[in-house]
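Undergrad:
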Amino acid sequence: MPPNLPNEVWSKIFSHLLTEHEKHRLEIHHFGDITNARLVCRLWNDLATKQLFRTLSLGTDVDTALHLFDSWHRFVSSKLVANAARRVAIFSATEEVDGSCYKGNWPPEWEANGEWRAFESAIDRICDMPNLDTIEVRFTSCCAGKDARLLPLDEEEEIVGPELATTRFQTLRAVLRAIETRAERPDTTVIRELVLDNLQNMPLPSTIAPNLFCDIQRLQIKILSENYGYMHPDAERPDLIHREELRQFPSYLQNKLLPSIADQLVKLTISGEHWGSIPGEFNGKGLSFPKLKTLTLDGYDILRKDQFQWVLEQQSLTALHLHNCTIATHCHAQQPEFALWNVNLHGWSKVNAYRLGPAFVGWYESSLRWDTVFHSICESLPLLKRFSFDRKPWVVYFRHDTSPFPGQMELRYLAFSGRWFEPPRLYYHERSELQESMPRLVDESLAKAEKPDSQALEKLLQTVEDRRNERHVL
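Going by full-length UniProt numbering, the first residue of the sequence shown is number 1, and it counts up by one from there.
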């Protein structure tokens with residue numbers, strides 16, 4: 001080993017022995033390279049260990065729970081491990097292959113009255129991690145709304161078991177108690193980042209928010225709506241679009257949760273599936289994030305240009321990432337649903353408006369295209385130096401999975417008729433029933449947007465690259 005190489009340099013080298021995906025501790029890894037480095041000498045063992053245990057994960061699998069989390073307690077009792085921890089990931093439950101929640105190792109009191117002393121005691125051990133910066137709470141991907149009918153569509157099917165909102169909230173309460181206890185201890189860092197993976201789309205009780213977000217500067221939220229696992233896609237459950245949570249949660253997010261922490265955020269990620277327009281709108285009006293540097297939106301659906309205005313008003317932004325964001329071009333207005341949902345189609349025009357028929361019923365179309373949005377971003381955000389527009393899912397852009405994903409311009413426009421779906425394309429001859437029901441020449445009108453969209457995106461990407469590379473002459 002070169003004697004004059006600083007330890008900081010070696011630590012940086014050792015950090016590259018783990019991939020970004022491995023650092024998230026999503027699954028069992030052997031970590032062969034960095035564990036082998038620990039065998040070289042005492043110094044390497046010390047430096048490599050600090051990298052290996054920067055992220056700790058607390059699971060609720062069968063073996064761990066049956067032994068009252070004894071292995072976790074012994075693990076974090078090591079001062080070397082506890083001092084190395086910068087991020088802790090807390091799994092609220094074990095997820096089955098089909099996405100359902102495994103409850104076989106839960107004590108009956110957990111669902112009955114929110115008591116699981118062993119699990120709560122394990123969460124309390126974050127108090128013994130003096131250098132912690134980030135807390136993640138990872139919920140399972142199957143949940144049920146408050147008015148859910150837990151019945152299969154087919155009598156021969158079995159419905160998967162969701163993780164209930166009550167136990168999700170209890171996990172967050174336990175995390176909050178541990179954070180508050182830890183804050184009272186001397187010589188501990190302030191927790192600045194909070195990741196809520198699969199946060200159910202229900203307003204948080206006052207016993208959780210806003211205290212859970214105190215001091216948080218980097219907030220990453222992946223929103224989850226009622227679903228029944230990987231074996232039952234939303235397309236097979238058309239009733240889910242009528243869930244009350246889909247209407248209420250965007251308003252809660254915009255008018256209560258985000259305003260309470262807007263002044264302190266420097267980084268914000270909001271991820272979801274088809275959120276922001278129908279059946280519940282998120283238009284960001286009144287939201288101001290004076291310190292926000294990085295904004296990431298995933299799955300955000302845009303009905304009108306003014307719905308995106310709140311993004312353009314965040315003048316402090318230096319990075320903007322749009323993943324799976326779409327513009328709605330065609331919408332089949334139906335009553336009484338659209339009146340109940342308060343859908344705003346201002347600026348849209350009715351297809352075949354000359355025909356007699358009830359008001360605000362039938363197909364409507366919008367002229368808004370991505371080239372207009374790209375030009376607005378370029379002109380309205382002068383500090384922007386990083387921008388991305390793609391189809392990367394959460395597991396890729398946040399968890400750094402290497403799975404392939406569609407390109408930038410794929411599926412950037414959507415239509416709505418009882419549910420969201422892809423409009424027909426000019427060269428795709430096989431059409432679904434919903435696509436067949438749409439007005440004529442939809443594919444031709446969207447094909448005309450290809451060139452201006454691509455040119456506007458290229459100009460925006462070139463502009464932000466030029467800003468990154470510009471040199472200031474003193």
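Glycine is no exception: its CB is placed at the ideal position from the N, C-alpha and C atoms. From a predicted model like this one, the values you see are computed outputs, not experimental measurements.
Let me make sure I understand the geometry here. Which of 247, 256 and 423 has the alpha-carbon closest to that of residue 206?
TA: Numbered from 1 along the sequence shown, position 206 holds the residue referred to as residue 206. Nearest C-alpha to residue 206: 256.
Undergrad: Determine which residues share a DSSP beta bridge with residue 89 and list them.
TA: Sequence index remark: in the sequence shown, residue 89 carries index 89 (1-based). Per DSSP, 57 and 136.
Undergrad: Rounded to the nearest angstrom, what separates residue 64 and residue 172 at their Cα positions?
TA: For this step, residue 64 is matched to residue 64 along the sequence shown. For this step, residue 172 is matched to residue 172 along the sequence shown. About 20 Å.
Undergrad: Rank 84, 265 and 120 by C-alpha distance to the C-alpha of residue 188 and give the top, closest one.
TA: Position 188 of the sequence shown, counted from the first residue, corresponds to residue 188. When only C-alpha atoms are compared, the closest one is 84.
Undergrad: On a Cα-Cα basis, can you pick out the residue from 242, 450 and 452 that is closest to residue 339?
TA: Within the sequence shown, residue 339 is the residue found at index 339, counting from 1. Of the listed residues, the one whose Cα sits closest to residue 339 is 242.
Undergrad: Go ahead and label residue 390 buried or exposed: buried means 16 or more other beta carbons lie within 10 angstroms of its beta carbon, across all protein chains shown.
TA: Here residue 390 is taken as the residue at index 390 of the sequence shown, counted from 1. Answer is buried; the Cβ neighbour count reaches 16.
Undergrad: Using CA coordinates, which residue listed in 395, 415, 383 and 402 is at the minimum distance from residue 367?
TA: Position 367 of the sequence shown, counting from 1, holds the residue named residue 367. The shortest Cα separation from residue 367 among 395, 415, 383 and 402 belongs to 415.
Undergrad: Does residue 413 come out as helix, strand or coil in the three-state DSSP assignment?
TA: Your numbering for residue 413 matches position 413 in the sequence shown. Correct three-state label for residue 413: strand.
Undergrad: How many angstroms separate the CA atom of residue 326 from the CA atom of residue 300?
TA: The sequence position of residue 326 within the sequence shown is 326, counting from 1. The sequence position of residue 300 within the sequence shown is 300, counting from 1. Going from the Cα of residue 326 to the Cα of residue 300 covers about 6 Å.
Undergrad: What is the C-beta distance between residue 312 and residue 376, in whole angstroms, given that I count them as a contact (C-beta under 8 Å)?
TA: Indexing the sequence shown from 1 puts residue 312 at position 312. Indexing the sequence shown from 1 puts residue 376 at position 376. Yes, they are in contact, since the Cβ atoms of residue 312 and residue 376 sit about 6 Å apart, within 8 Å.
Undergrad: Are the beta-carbon atoms of residue 194 and residue 219 separated by less than 8 Å?
TA: Counting from one through the sequence shown, the residue named residue 194 turns up at place 194. Counting from one through the sequence shown, the residue named residue 219 turns up at place 219. Going by C-beta atoms, residue 194 is nearer than 8 Å to residue 219.
Undergrad: For residue 266 and residue 288, what's the separation of their Cα atoms in angstroms?
TA: If you number the sequence shown from 1, residue 266 lands on position 266. If you number the sequence shown from 1, residue 288 lands on position 288. Taking the straight line from one Cα to the other gives about 12 Å.
Undergrad: Measure the C-alpha to C-alpha separation of residue 344 and residue 370 and round it to an integer number of angstroms.
TA: Against the sequence shown, residue 344 aligns to sequence position 344. Against the sequence shown, residue 370 aligns to sequence position 370. Between residue 344 and residue 370, the C-alpha separation is close to 19 Å.
Undergrad: Under a three-way DSSP split, which group does residue 207 fall into?
TA: Position 207 of the sequence shown holds residue 207. Coil.
Undergrad: Below 8 Å on the Cβ atoms is my guess for residue 378 versus residue 320; work out the distance and round it to an integer in Å.
TA: Here residue 378 corresponds to residue number 378 of the sequence shown, with the count starting at 1. Here residue 320 corresponds to residue number 320 of the sequence shown, with the count starting at 1. So it is not a contact: roughly 11 Å between Cβ atoms.
Undergrad: Check for me: the alpha helix (DSSP H) holding residue 443 runs from which residue to which?
TA: Start at 1 with the first residue of the sequence shown, and residue 443 comes out as number 443. Segment 442-447, the alpha helix (DSSP H) holding residue 443.
Undergrad: Compare the C-alpha of residue 178 against each of 439, 119, 442 and 227 and name the closest.
TA: Numbered from its first residue, the sequence shown carries residue 178 at position 178. Residue 119 is the option with its Cα nearest to residue 178.
Undergrad: If we count the other Cβ atoms within 10 Å of its Cβ and call it buried at 16 or more, is residue 99 buried or exposed?
TA: In the sequence shown, the residue the question calls residue 99 occupies position 99. Answer is buried; the Cβ neighbour count reaches 16.
Undergrad: Taking Cβ positions, are residue 209 and residue 163 nearer each other than 8 Å?
TA: On the sequence shown, residue 209 is found 209 positions in, with the first residue counted as 1. On the sequence shown, residue 163 is found 163 positions in, with the first residue counted as 1. Cβ atoms of residue 209 and residue 163: not closer than 8 Å.
Undergrad: Please confirm if the region 108-118 is in contact with the region 72-82, defined as three or more CB-CB distances below 8 Å between the two stretches.
TA: no
Undergrad: Just curious, the beta strand (DSSP E) that residue 453 is in, first and last residue?
TA: As a working mapping, residue 453 is identified with position 453 in the sequence shown. Here residue 453 belongs to no beta strand (DSSP E); instead the alpha helix (DSSP H) covers 450-469.
Undergrad: Which class does residue 307 belong to by DSSP, given the choice of helix, strand or coil?
TA: On the sequence shown, residue 307 is found 307 positions in, with the first residue counted as 1. The answer is helix: DSSP assigns residue 307 an H, G or I state.
Undergrad: DSSP three-state label for residue 254, please.
TA: One-based indexing of the sequence shown puts residue 254 at position 254. DSSP, reduced to helix, strand and coil, places residue 254 within a helical segment of the structure shown.
Undergrad: With residue 176 and residue 211 assumed to form a contact (beta carbons below 8 Å), what rounded beta-carbon distance in angstroms separates them?
TA: Taking the sequence shown and counting its residues from 1, one reaches residue 176 at position 176. Taking the sequence shown and counting its residues from 1, one reaches residue 211 at position 211. Rounded, the Cβ-Cβ distance is 6 Å, consistent with contact.
Undergrad: Mapping the DSSP letters down to three states, classify residue 83 as helix, strand or coil.
TA: Stepping through the sequence shown from its first residue, residue 83 is reached at position 83. Of the three classes helix, strand and coil, the one that applies to residue 83 here is helix, per DSSP.
Undergrad: Are residue 292 and residue 322 closer than 8 Å when you measure CB to CB?
TA: Taking the sequence shown and counting its residues from 1, the one referred to as residue 292 is at position 292. Taking the sequence shown and counting its residues from 1, the one referred to as residue 322 is at position 322. Contact flag unset, no.
Undergrad: Between which residues of its own chain and residue 352 is the CB-CB distance below 8 Å, once the five residues before and five after are set aside?
TA: As a working note, residue 352 is residue 352 in the sequence shown. The residues are 362, 363 and 439.
Undergrad: I need the straight-line Cα distance from residue 102 to residue 140, nearest angstrom please.
TA: Reading the sequence shown from its first residue, position 102 is the one you call residue 102. Reading the sequence shown from its first residue, position 140 is the one you call residue 140. Near 9 Å, if we compare the C-alpha coordinates of residue 140 and residue 102.
Undergrad: CA-CA distance, residue 227 and residue 273?
TA: The residue given as residue 227 occupies position 227 in the sequence shown. The residue given as residue 273 occupies position 273 in the sequence shown. Near 11 Å, if we compare the C-alpha coordinates of residue 273 and residue 227.
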